[in-house]
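To start, the structure itself, in structure tokens.
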Amino acid sequence: MEKIFKVQIKKVFPDHFEDTEDMVVNESPLFIFLNNTKVGTVFRMPGEDTALSYGFLFSNFLIKPSEIKTFNLKENETYFTTDRIFKNIEPIVIYSSCFDEKGSNAINPIESSLTIGREEVDKAKEAFKDVNTVFSETGSTHYAALFEGSHLLYFYEDVGRHNAVMKVIGKMILDSKIGDDKFLLLSGRVSSEIVRVAAISRIPMIISKGAPTSLSIALAKEYKISIIGFLRGERFNIYTFPERIKL
């Protein structure tokens, strides 16, 4: 399925207008099934649906990766089977701007020895200069990326910042890379939901061009996650656990 559509628009200028074409990102639903029961709908940009589906199940505490027996991908649908028996599952709907809050009380703080320096922060910020992104064509996507030191492991875009994060988490699961020696780089605001999913995935650090909210800072303190925000030029703000950043 295409990630980008061409549409007809009227472009308005101060003294005239033009009929022209523009590119817009495709937002469409992905239906996720567990033992032939629909457990979720995610409104996303098509692509990386396998990683997104794994990330959805894991971040919403529906099933552990080790409990999955089979997986099947169809257009706009993913199917998982497991030996676990589920009763009265209420389907979760994830729009492009939200997470479900299920299971938050089961998250333990992250005890990590991860530290990074300015060099790693600068390299992370510069990692996407030569990447051909959907954002460069449409201006309407968020991204999430996972780093191990200065090494970029994964980079995903989506219409929702949370979906991009779930794709990263799902790929971590598929590649067996869950661990507390990595950090997450985001393009936008650091929401409380993203902090929660970082804690579930044992990611001890989040770096973003945007800022955190008061609740995301409070949760980061509870889960022992470092937040770096307002990454602009050579400047950034450290909101929690500054001892992990070597200045």
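Okay, so the sequence shown: first residue is 0 according to numbering that gives the first Met the number 0, each after it adds one. Virtual Cβ for every residue (Gly too), placed ideally from N, Cα, C.
* If you compare alpha carbons, which of Thr137, His141, Thr69 is closest to Asp21? -> Position 22 of the sequence shown, counting from 1, holds the residue named residue 21. It is Thr137 whose Cα lies nearest to the Cα of Asp21.
* Can you give me the start and stop residues for the alpha helix (DSSP H) that Thr40 sits inside? => If you number the sequence shown from 1, residue 40 lands on position 41. Counting along the chain, no alpha helix (DSSP H) covers Thr40; the unbroken beta strand (DSSP E) around it starts and ends at 36 to 43.
* Asked: Which residues in the same chain have their Cβ closer than 7 Å to the Cβ of Ala163, if we skip the five residues on either side of it in sequence?
  -> By one-based count along the sequence shown, residue 163 stands at place 164. The beta carbon of Ala163 lies closer than 7 Å to those of His141, Tyr142, Ala143, Tyr155, Glu156, Asp157 in the same chain, with the five residues before and after it left out.
* Would you call the region 60 to 76 and the region 20 to 40 in contact, with 3 or more CB pairs under 8 Å? -> Yes: the two stretches touch, three or more of their Cβ pairs being nearer than 8 Å.
* **Met165 and Phe55 closer than 8 Å at C-beta** => For this step, residue 165 is matched to residue 166 along the sequence shown. For this step, residue 55 is matched to residue 56 along the sequence shown. Yes, the Cβ-Cβ distance between Met165 and Phe55 is below 8 Å.
* Asked: Any idea if Ser135 is buried or exposed, counting beta-carbon neighbours within 10 angstroms, 16 or more meaning buried?
  -> Taking the sequence shown and counting its residues from 1, one reaches residue 135 at position 136. Ser135 is exposed by the Cβ-count criterion.
* Three or more C-beta pairs below 8 Å linking the region 171 to 187 and the region 76 to 94 -> The region 76 to 94 and the region 171 to 187 do not touch, with fewer than three beta-carbon pairs separated by less than 8 Å.
* Asked: Leaving out five residues before and five after Thr49 in sequence, what residues of the same chain have Cβ atoms less than 8 Å from its Cβ?
  -> Counting from 1 along the sequence shown, the entry for residue 49 is found at position 50. Cβ within range, chain order: Phe70, Leu72, Thr77, Gly169, Leu173.
* Asked: Hey, quick one: how far does the alpha helix (DSSP H) through Val133 stretch, first residue to last?
  -> For this step, residue 133 is matched to residue 134 along the sequence shown. Going by DSSP, Val133 is part of the alpha helix (DSSP H) stretching over 133 to 137.
* If you draw a straight line from the C-alpha of Phe235 to the C-alpha of Ile226, how long is it? -> The residue given as residue 235 occupies position 236 in the sequence shown. The residue given as residue 226 occupies position 227 in the sequence shown. Computed Cα separation, rounded: 10 Å.
* To do: Name the residue from Glu147, Asn107, Val133, Ala105 whose alpha carbon lies nearest to the alpha carbon of Gly116.
  => What you label residue 116 is simply residue 117 of the sequence shown in a count that begins at 1. Out of Glu147, Asn107, Val133, Ala105, Glu147 has the C-alpha closest to the C-alpha of Gly116.
* Asked: In three-state DSSP terms, what is His15?
  -> Along the sequence shown, read from residue 1 onward, the residue named residue 15 stands at position 16. DSSP places His15 in coil when its eight states are reduced to three.
* Asked: According to DSSP, which residues form a beta bridge with Ser27?
  -> Position 28 of the sequence shown holds residue 27. BP columns for Ser27 point to Arg43.
* **Sequence-distant residues of its chain with Cβ nearer than 8 Å to Gly209 (five each side left out)** => Translated into positions along the sequence shown, residue 209 becomes position 210. Annotation for Gly209: Leu185, Ser186, Gly187, Arg188, Val189, Gly228, Phe229 place their beta carbon closer than 8 Å to its own, counting only its chain and skipping 5 residues before and after.
* To do: Can you tell me the Cβ-Cβ gap for Arg195 and Ile109, rounded? I've got them flagged as a contact below 8 Å.
  => Counting from 1 along the sequence shown, the entry for residue 195 is found at position 196. Counting from 1 along the sequence shown, the entry for residue 109 is found at position 110. With a contact defined as Cβ atoms closer than 8 Å, Arg195 and Ile109 miss out at about 12 Å.
* Asked: Between the C-alpha atoms of Gly232 and Val38, what's the straight-line distance to the nearest angstrom?
  -> Locating residue 232 in the sequence shown gives position 233, counting from the first residue. Locating residue 38 in the sequence shown gives position 39, counting from the first residue. Spanning the two alpha carbons is a distance of roughly 42 Å.
* Measure the C-alpha to C-alpha separation of Lys10 and Pro45 and round it to an integer number of angstroms. => Your numbering for residue 10 matches position 11 in the sequence shown. Your numbering for residue 45 matches position 46 in the sequence shown. If you draw a straight line from the Cα of Lys10 to the Cα of Pro45, it comes to about 27 Å.
* To do: Determine, using beta carbons only, whether Pro203 and Lys223 come nearer to each other than 8 Å.
  => Translated into the one-based positions of the sequence shown, residue 203 becomes position 204. Translated into the one-based positions of the sequence shown, residue 223 becomes position 224. It is a contact, given that the beta carbons lie within the stated cut-off.
* Asked: Rounded to whole angstroms, how far is the Cβ of Tyr153 from the Cβ of Val133, which I believe are closer than 8 Å?
  -> Within the sequence shown, the letter at position 154 stands for residue 153. Within the sequence shown, the letter at position 134 stands for residue 133. Contact flag wrong, Cβ pair sits at about 16 Å.
* Asked: Rounded to a whole number of angstroms, what is the C-alpha to C-alpha distance between Asn25 and Phe4?
  -> Residue mapping note: residue 25 aligns to position 26 of the sequence shown, counting from 1. Residue mapping note: residue 4 aligns to position 5 of the sequence shown, counting from 1. Between Asn25 and Phe4, the C-alpha separation is close to 6 Å.
* Asked: So is Ile8 buried or exposed if we call it buried at 16+ other beta carbons inside 10 Å?
  -> For the purposes of this step, residue 8 is taken as residue 9 along the sequence shown, with counting starting at 1. Answer is exposed; the Cβ neighbour count stays below 16.
* From the DSSP output, in three-state form, read off Leu56 for me. => Walking along the sequence shown from the start, residue 56 turns up at place 57. Helix at Leu56.
* Cα-Cα separation between Ser213 and Ala198, rounded to whole angstroms -> What you label residue 213 is simply residue 214 of the sequence shown in a count that begins at 1. What you label residue 198 is simply residue 199 of the sequence shown in a count that begins at 1. Roughly 17 Å between the two C-alpha positions.
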